[in-house]
Structures are given as C-alpha cells and as structure tokens.
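Numbering (the working numbering), first residue to last: 8 to 520.
We put the beta carbon where it would ideally sit given N, CA and C, even for glycine.
Note sheet for the following structure.
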Ligand SMILES: [Zn+2]
C-alpha cells in the first residue's frame with residue numbers, strides 16, 4: 008500500500024515538474040524601436056545569455072582583465088564587474104547575487120538571465136524589465152500589461168475573467184469560430200491557464216501577436232457577452248461569458264409538460280447577471296468630501312486687503328456643497344467647519360466615509376504680488392517613488408466572497424492609497440481645468456503633479472485646487488466676491504457631473520497611465 012502510494016507520488020511529480028521549470032527559448036526584446044531577439048541557452052539547468060549578445064543589444068563594452076581575473080561590462084560611465092565561476096557581481100559598486108556564476112563556453116561569456124534585472128537594469132539609463140514568465144525584456148516605458156485568466160463554470164456557460172495590470176482598454180469581438188480580446192497596449196505579458204474543454208465551449212486560449220488574446224470556440228458555443236470593465240486597485244477586470252447552445256431534445260429528452268428533464272443542462276440563458284467585482288474605484292459618485300484648506304489657528308495665506316485663506320476656502324467649499332447637493336443630489340461632506348485639522352485626518356475623513364471623490368480647496372500665496380492664476384494639483388510620485396505605484400499593483404490578494412466566487416483586493420499601504428487612483432485623479436483634474444476656464448471664466452489654470460501630503464492618503468480620486476493668488480490684490484478681490492465664488496461652485500459641480508458621466512457611461516474606456 009505504502010509502496011504503491013509512493014509510486015503514485017513519483018508519477019505525479021514527473022507530471023508536475025516540467026511545468027515548474029522556467030520557460031526556455033529566446034527572449035523577445037521589446038522597445039520603441041521594435042522587437043529583437045536575445046538567444047538563451049541552458050547550462051546546468053540555468054537559462055543563460057551571452058555577454059556578447061547583451062553588448063550588441065545594449066551598447067555595452069565588454070573587457071576581460073586576465074591579470075585581475077575579472078570581466079567588466081561598461082555602459083557609459085557605469086561598470087559591472089564579474090568574476091569567472093562566481094555568482095556575486097558588482098554593479099556600479101553594489102553587490103548583487105546571481106543564481107549561477109559567470110560561465111565560459113568556447114569563446115563566449117555567459118550569465119544567467121537574472122543578470123538582466125539584477126545587474127544590467129540598475130546601471131542602464133532606460134528602464135529594463137525582464138518578465139521571465141512571458142520571456143519579454145521590456146526596454147523603456149512601453150505599456151505591457153500582465154494578463155491572467157480565471158475560469159468559472161456555470162451549467163450553461165463558461166465565464167472567463169481577465170485581469171489586466173495595469174489597466175488598459177480592451178475590446179472583445181467574434182471572428183468566425185473564435186473570440187478576440189484586443190488590448191490597447193504595446194505588448195502583452197500573458198499567463199493563461201489552459202481552457203477547461205469539457206463543456207465544449209472553449210477549446211483553446213492563447214496570446215497572439217501582438218496584443219490579442221484568442222479564444223477558440225467549441226461546438227456548444229452559441230453566443231457571448233462581455234461585462235463592463237471594472238477596476239480592482241491598478242488592475243482592470245473584464246469577464247467574457249461564453250453561452251452554450253441548448254442541448255438537442257434527442258440528447259436531453261424533455262418530460263411531458265415541456266419542463267426540462269431533471270438534471271438536464273439548462274437552456275442557453277445566462278445564469279444570472281455577470282459577476283461584478285468591487286474595485287477601489289466605484290464606477291459612479293455617491294459621496295464627495297470637500298476639504299477647505301487650513302482652519303482654526305492655521306490661517307493659510309493672507310491677502311494685502313486682509314482676506315484670509317482659511318475663510319475664503321471654507322466659504323467656497325460651503326457654496327460648492329450647496330450646488331452639488333442641490334443639482335446633483337450627491338452627499339457632500341466638509342472635512343471641518345473652521346476648526347484646525349491635521350493633513351492626515353483630512354484624507355481619513357474621506358476614506359472613512361467611503362467618498363468617491365476628494366477635493367481640497369485652497370488659495371495660493373507668492374512673495375511676488377503680480378503672480379496670479381489657478382493651479383490644480385494631483386499627487387506626483389516623485390517623493391513617494393514609483394515604488395508606491397508598483398507596490399499598489401503588486402500586493403494584491405484574492406479573497407473568497409460570500410455567495411461564491413472570489414474578489415481580488417489590493418493591499419495598499421494606507422499612506423500611499425492615492426497611488427492606485429492617479430488615473431482617476433488626473434482625469435478629474437483635466438475636467439476641472441476645462442470647467443474653471445469656461446464656467447468660472449478663469450484665464451490661467453495650471454495642472455501640476457506634486458508630492459502633496461494631503462492627497463497621498465486619499466483612497467479615491469483626489470485633487471487639490473489653488474483657486475488663485477490671495478497675495479495678488481486683484482485676485483484677492485475676485486476670490487472674496489460672492490459672484491466669483493458662485494461661478495467656482497457651479498464649475499466644480501459641472502466637473503463632478505462630467506466626471507460621473509465619464510465613469511458611468513464609458514466603462515470600456517479607462518485612462519491608461
Ligand atoms: Zn493653502
């Protein structure tokens with residue numbers, strides 16, 4: 008009994024192991040200039056690339072210093088130092104470890120593919136990103152989203168849910184006996200589990216050149232439908248449901264009275280609505296948090312005529328609240344009513360109230376009295392680093408959901424919550440810019456990204472608006488006038504309505520980073 012069980016396990020391992028080893032074959036090098044190929048060869052179970060090939064692709068100078076027993080690869084004024092038969096490498100003075108040593112084959116020097124991300128990328132002046140699974144080496148800022156698929160059987164259909172990270176726009180069309188999901192990107196980093204074929208709906212699924220996922224349809228396929236694209240953190244989720252044709256009556260005899268035989272497959276009617284995935288960005292706006300700048304003993308900027316920023320911001324916020332509630336019927340909350348409040352708790356109020364939009368209102372100040380104009384800020388990641396954005400895309404978990412299925416949630420560090428909403432924030436900022444110029448009649452509006460503390464923690468699209476310079480006597484008069492404040496309120500209400508329409512009416516068009 009025991010021996011037989013061991014044999015089963017050995018058998019299972021033999022089947023599983025080939026799947027676990029890394030893919031082999033050449034690496035596709037993608038850049039704005041096109042697609043090139045980097046050959047690989049396997050040495051003692053390691054995927055290796057030749058330093059000579061890397062030299063050609065990336066303009067590296069390779070030198071061999073026999074006396075020092077070292078091989079150097081230089082790029083501009085950066086140097087990578089390798090030692091034969093050693094897996095420790097110095098990349099511009101920083102030690103990195105590789106899973107296999109620098110190896111000599113004939114007259115060539117070989118390094119493991121991990122060299123690309125660990126040693127070459129840090130010294131190269133253009134972004135390098137090697138994706139081992141799809142064997143892509145992405146050079147520069149190309150949009151190469153990761154695509155994965157998950158299958159979900161129902162009695163009469165097969166749901167294929169694609170997760171696309173970062174979000175890009177997709178379309179799904181049928182061409183003869185296949186469905187094509189086209190992604191608006193430069194290339195795809197696709198990992199698609201093989202299709203469950205027992206239903207006869209989908210016989211194969213694969214990525215085809217350059218940005219298409221092809222689904223080959225089985226004999227039982229009759230039609231399909233596609234869910235709206237929803238967001239989950241930085242990812243987009245879209246479900247394509249393949250509907251089965253009704254089973255022939257000879258195969259599945261109906262009982263008298265026309266009801267289907269017990270246990271017979273149902274007709275080609277969708278089993279309930281397509282699943283929707285609760286993402287961080289809800290595709291509508293129910294609650295808005297307005298954040299009047301400063302307050303309490305924090306006056307903000309003071310104008311030459313005596314106007315104080317905290318009062319101007321609060322007065323305008325109250326008017327905006329009135330117009331949005333009255334015209335759009337949304338819930339509008341203010342972070343405070345004149346009291347002092349910390350930068351962090353402003354975003355927390357929006358998060359705790361599950362706001363869909365966060366708008367911070369300020370007036371600017373400058374030592375130069377002539378400086379004027381409005382500025383709309385969204386969070387810039389310079390200070391917090393692109394790492395925050397990357398982390399918001401990487402740390403995610405799939406949780407089981409009450410009622411079946413799973414829901415993917417993004418695990419984002421609270422302080423960096425805004426990183427996942429920058430697309431929405433920038434889209435809203437663009438709309439506000441347009442409305443401030445037209446409806447409010449502001450002559451000069453600037454859009455700017457900056458590492459603003461008050462926006463970093465907001466877990467929803469968020470902007471900070473400096474409506475003008477209180478330090479400019481003319482703009483001080485404007486900012487304190489009821490007429491101008493009303494026009495700003497109207498402009499912001501129109502911007503909110505336009506943003507809501509943007510979210511609700513065009514779910515297929517998602518701004519890409
Ligand atoms: Zn301010």
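Please indicate yes or no: does the CB of residue i lie closer than 8 Å to some heavy atom of ligand 1?
i	result
residue 473	yes
residue 482	no
residue 346	no
residue 300	yes
residue 307	yes
residue 479	no
residue 369	yes
residue 320	yes
residue 501	no
residue 248	no
residue 40	no
residue 170	no
residue 441	no
residue 316	yes
Are residue i and residue j touching if we call contact CB-CB under 9 Å?
i	j	result
residue 232	residue 247	yes
residue 297	residue 317	no
residue 190	residue 220	yes
residue 496	residue 330	yes
residue 366	residue 438	no
residue 379	residue 446	no
residue 466	residue 424	yes
residue 381	residue 449	yes
residue 116	residue 182	no
residue 324	residue 368	yes
residue 202	residue 153	no
residue 87	residue 94	no
residue 98	residue 85	yes
residue 123	residue 56	yes
residue 454	residue 370	no
Give me, in chain order, the residues of the same chain whose beta-carbon lies closer than 8 Å to that of residue i; leave out the 5 immediate sequence neighbours on both sides.
i	result
residue 291	363, 507, 510 and 511
residue 186	179, 180, 221, 222, 224, 231, 247 and 249
Less than 6 Å between C-beta atoms, sequence neighbours within five positions excluded: which residues of the same chain meet that for residue i?
i	result
residue 103	96, 125 and 126
residue 132	none
residue 218	190, 192 and 195
residue 170	155, 242 and 244
residue 343	302
residue 299	320, 321, 324 and 368
residue 214	195, 197 and 220
Which residue wins for smallest C-alpha separation from residue i, given the options the options?
i	options	result
residue 372	202, 481, 467 and 114	481
residue 61	454, 429, 119 and 107	119
residue 334	503, 78 and 122	503
residue 376	436, 309, 304 and 252	309
residue 340	252, 351, 350 and 321	321
residue 165	208, 351, 434 and 356	208
residue 429	458, 68 and 385	385
residue 79	470, 354 and 89	89
residue 146	134, 326 and 442	134
residue 151	159, 142 and 158	142
residue 101	74, 123, 130 and 75	130
residue 238	56, 136, 427 and 355	427
residue 452	354, 73, 57 and 471	471
residue 499	383, 478 and 484	383
residue 444	479, 478, 483 and 501	501
residue 67	73, 74 and 83	83
Buried or exposed for residue i, going by 16 or more other Cβ atoms inside 10 Å?
i	result
residue 475	buried
residue 54	buried
residue 225	buried
residue 258	Since pLDDT at residue 258 reaches only 41, below the 50 mark, its modelled position is unreliable, and the value read off the structure follows with that caveat. The residue in question, residue 258, is exposed, as its Cβ has fewer than 16 Cβ neighbours within 10 Å.
residue 49	exposed
residue 108	buried
residue 575	No answer is possible for residue 575: the residues shown for the chain start at 8 and end at 520.
residue 206	buried
residue 492	buried
residue 41	exposed
Might you give, ordered along the chain, the residues of its own chain that have their beta carbon closer than 7 Å to the beta carbon of residue i, omitting 5 neighbours on each side?
i	result
residue 293	337, 338 and 363
residue 270	At residue 270, the pLDDT of 41 sits below 50, so the modelled position is not reliable and the matter cannot be decided from this model.
residue 306	315, 316 and 317
residue 304	347
residue 264	With a pLDDT of 42 at residue 264, under the threshold of 50, the modelled position of this residue cannot be trusted; read the value that follows with caution. No residues qualify anywhere along the chain.
residue 596	This structure cannot settle anything about residue 596, because the visible part of the chain is limited to 8 through 520.
residue 157	168
residue 64	36, 43 and 45
Could you check whether the Cβ of residue i sits closer than 8 Å to any heavy atom belonging to ligand 3?
i	result
residue 38	Although ligand 3 was asked about, the structure shown includes only ligand 1 as ligands.
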